[in-house]
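Colleague: Below are the structure tokens for one structure; questions will follow.
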Amino acid sequence: MTRSKTGNTELAEQQADYSESVLSDAKLDSTQLLQELQATREELKQAQARAESATRARCEFLAYMSHEIRTPMTAILGFTELLENEALSATDQTRAVQTIQRNGRYLLDVINEILELSKLESGILEIESLQVSPIQIGREVIEQLTEQASEQENTLHLELDGPVPATIQSDPSLLKEALVNLTGNVLKLSRQGHIRLTLSCDPTQEAFSFRVSDTGLGIPTDQRQHVFQPFRQSATAGKRAKAGSGFTIISRIAELLDGEISLEQESEQHSEFTFQIATGPLHEVRMLSSLEELEHELPLSQSFSVNSRLQGRILVVEDNLDNQRLIRFLLNRAGADVTIASNGQQGVETALQSKSPFDLILMDLQMPVMDGYQATKALRNAGYTSQIIALTAHALTGERERCLAAGLDDCLTKPIDRNVFIPQIAARLANKSASVSR
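Residue numbering for the sequence shown follows numbering that gives the first Met the number 0, starting at 0 and increasing by one per position.
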């Protein structure tokens, strides 16, 4: 009897211990479950906040784009209508045309920035690593932007801050694109100022710096945090200066080139951007202490301008009638003999049936019947050796490489700026026997 009572007591105690253990585990499971629920709730809140932020960003982007596109289009269409329907004085006509041109260029800048930012953020961009002359890149940037600088009475200067390597390892296209973008954006914020592009290098860190400084309007303190955000405007001294996505593009390129972009500004009147990239190994690279040291290493080239005379026969393969008229007018006015073909098939037939090869073929890429790539391949397969240059509205990275792979000698982009177009055509005609780019 005693043994039975003892057994029952032990059993009761075991059951109590088990129940307590179960309750304890249940409490732990309940606490863990609550923690997990709270963590899930927090994650959902964060996801909702991100979604709302993305929605706001999309709305802001659409609002910005609507404003940035409609504003210049209002001027373009309005002044075009005035030219068509109103009896304007010669002075007013000139002003109307200048207004249309200015707003057209502005609109093109907006479109180019959208395409460029989309390309850089797509993650499919291939980065080249080639020998690049930073001094030569700097010179090309200054030359390209000189006209833009003079429009706002600015001056551009290239200088060195200490010895720099004759060459570095980088992607020349992306590097130049970033520097043109950076210097161009600084020009927009300056009037009657002095803009300096200063080159320097830290060989121990294998880092090369391009500093762009100005004596212009500067960027207000409360606006600096937004400089590298896409499609923001900066208020400068009571004016609105379009920043667009330019600085964001530069920032993306800096990352791709193992570098960074930074802004230093000591006052409201002066700003200095530093674009720093990796150089690659420098232990066997010659260092240069002045801009003049590179002069004898640069190839001599003929100088052509918008006033250069064109001598030669040019076949223009283009399906758009308005573009046909424009290109024919520009080339004829410069002295060239122009023949038009309306699609790739007509272009191939015209070129092969001609008694003598054309000095140059300008080939649109997107056309009915036969596109520019197919037409070029057909000509090359038929033994046609004269220069064929793409003239295309496609402006994304990789287009030129695709053109070269198809047998084209180079790729020029639309819309056409005669100040660039005529010198390029003149250079091509002066090198009839071989491609300028190869």
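Ideal Cβ placement from N, Cα and C applies to all residues, glycine included.
With DSSP collapsed to three states, give me the class of P356.
Modeller: Correct three-state label for P356: coil.
Colleague: Rounded to the nearest angstrom, how far is the Cβ of V211 from that of T182, given a contact under 8 Å?
Modeller: Yes, V211 and T182 are in contact; Cβ-Cβ is about 5 Å, under 8 Å.
Colleague: Cα separation between C402 and M369?
Modeller: Each residue's Cα considered, the two are about 15 Å apart.
Colleague: Using C-beta distances below 8 Å, list every residue in its chain close to L255, excluding the 5 sequence neighbours before and after it, in chain order.
Modeller: L119, L124, I126, D170, L173.
Colleague: Can you tell me where the alpha helix (DSSP H) holding I141 begins and where it ends?
Modeller: 133-150 is the extent of the alpha helix (DSSP H) around I141.
Colleague: Can you grab the Cα-Cα spacing for the pair L87 / I99, in whole Å?
Modeller: Computed Cα separation, rounded: 15 Å.
Colleague: Would you kindly report the start and end of the unbroken alpha helix (DSSP H) that includes A377?
Modeller: Looking at the DSSP string, the run of the alpha helix (DSSP H) that includes A377 is 371-380.
Colleague: Exposed or buried, which one is K187 when buried takes at least 16 other CB atoms within 10 Å?
Modeller: It counts as buried.
Colleague: Given a cut-off of 9 Å, decide if N342 and V316 are closer than it, judged by their beta-carbon atoms.
Modeller: Against a cut-off of 9 Å, the Cβ pair of N342 and V316 comes out as a contact.
Colleague: With respect to the alpha helix (DSSP H) encompassing A426, which residues constitute its N-terminal and C-terminal limits?
Modeller: Where A426 is concerned, the enclosing alpha helix (DSSP H) stretches over 417-428.
Colleague: Going straight from the alpha carbon of M485 to that of A165, what length do you get?
Modeller: Because residue 485 is not part of the residues shown, which for the chain are 0 to 437, the question remains open.
Colleague: Could you check the C-alpha separation between S149 and N306 for me, to the nearest Å?
Modeller: Going by the C-alpha atoms only, they are around 20 Å apart.
Colleague: Drop a sphere of 10 angstroms on the beta-carbon of R40, count the other beta-carbons inside from all chains shown, and report buried for 16 or more, exposed for fewer.
Modeller: It counts as exposed.
Colleague: The alpha helix (DSSP H) spanning E115 covers which residue range?
Modeller: Counting along the chain, the alpha helix (DSSP H) containing E115 begins and ends at 89-120.
Colleague: Is the stretch 333-350 close to the stretch 268-282, with three or more CB pairs under 8 Å?
Modeller: Result no; under three Cβ-Cβ pairs closer than 8 Å.
Colleague: Start and end of the beta strand (DSSP E) containing V315?
Modeller: That run of the beta strand (DSSP E) goes 312-316.
Colleague: How close, in whole Å, do the beta carbons of Y105 and P71 come, if the pair is a contact with beta carbons under 8 Å?
Modeller: Rounded, the Cβ-Cβ distance is 5 Å, consistent with contact.
Colleague: Sorted by chain position, which residues of the same chain lie with C-beta nearer than 8 Å to G237's C-beta, five sequence neighbours on each side aside?
Modeller: Confidence at G237 is low in this model, with a pLDDT of 35, below 50, so its placement is unreliable and no value can be given for it.
Colleague: State the Cα-Cα distance for the pair G334 and I313, rounded to the nearest angstrom.
Modeller: Their backbone Cα atoms lie some 11 Å apart in a straight line.
Colleague: By how many angstroms is the C-alpha of G77 removed from the C-alpha of E67?
Modeller: So the two alpha carbons sit approximately 16 Å from each other.
Colleague: Count the other CB atoms within 10 Å of the CB of A177; is the residue buried (16 or more) or exposed (fewer)?
Modeller: A177 comes out buried.
Colleague: By the DSSP assignment, the beta strand (DSSP E) with T391 in it spans what residues?
Modeller: 387-391 is the span of the beta strand (DSSP E), which, as asked, contains T391.
Colleague: What are the partner residues of H193, as DSSP defines its beta bridges?
Modeller: Its beta-bridge partners are T154.
Colleague: Skipping 5 residues on each side, what residues in its chain have a beta carbon closer than 7 Å to that of Q454?
Modeller: Not covered by the structure: residue 454. The range shown for the chain is 0 to 437.
Colleague: Starting from L186, trace the alpha helix (DSSP H) both ways and give me its first and last residue.
Modeller: Here the alpha helix (DSSP H) through L186 covers 171-187.
Colleague: On a CA-only basis, which of R332, V185, S270, D408 is nearest T384? Give me that one, please.
Modeller: Out of R332, V185, S270, D408, D408 has the C-alpha closest to the C-alpha of T384.
Colleague: Given L309, which residues of its chain have a CB within under 8 Å of its CB, disregarding the five upstream and five downstream residues?
Modeller: The answer, listed in chain order, is L330, A333, G334, A335, I421, I424, A425, L428.
Colleague: To the nearest angstrom, how far is it from the Cα of L361 to the Cα of G371?
Modeller: Whole-angstrom Cα-Cα distance: 10 Å.
Colleague: Distance, Cα to Cα, T93 vs Q151?
Modeller: Cα to Cα, the separation comes out at about 19 Å.
Colleague: According to DSSP, simplified to helix, strand and coil, what is L281?
Modeller: Residue state, collapsed to three classes: coil.
Colleague: Pick from L198, N184, N180: whose alpha carbon is nearest that of L157?
Modeller: The shortest Cα separation from L157 among L198, N184, N180 belongs to L198.
Colleague: Using alpha carbons as the reference points, say which of F207, D257, S270 lies closest to N184.
Modeller: The residue with the shortest Cα to Cα distance from N184 is S270.
Colleague: Alpha helix (DSSP H) containing L330: first to last residue?
Modeller: Start and end: 320-332.
Colleague: Name the DSSP bridge partner or partners of I276?
Modeller: Looking at the DSSP assignment, I276 forms a beta bridge with F207.
Colleague: In chain order, what residues of the same chain lie with their CB nearer than 6 Å to the CB of T338, ignoring the 5 residues before and after it?
Modeller: Only L314 meet the Cβ criterion.
Colleague: Assign D160 to buried or exposed, taking buried as 16 or more other Cβ atoms, counted over all protein chains shown, within 10 Å of its Cβ.
Modeller: D160 comes out exposed.
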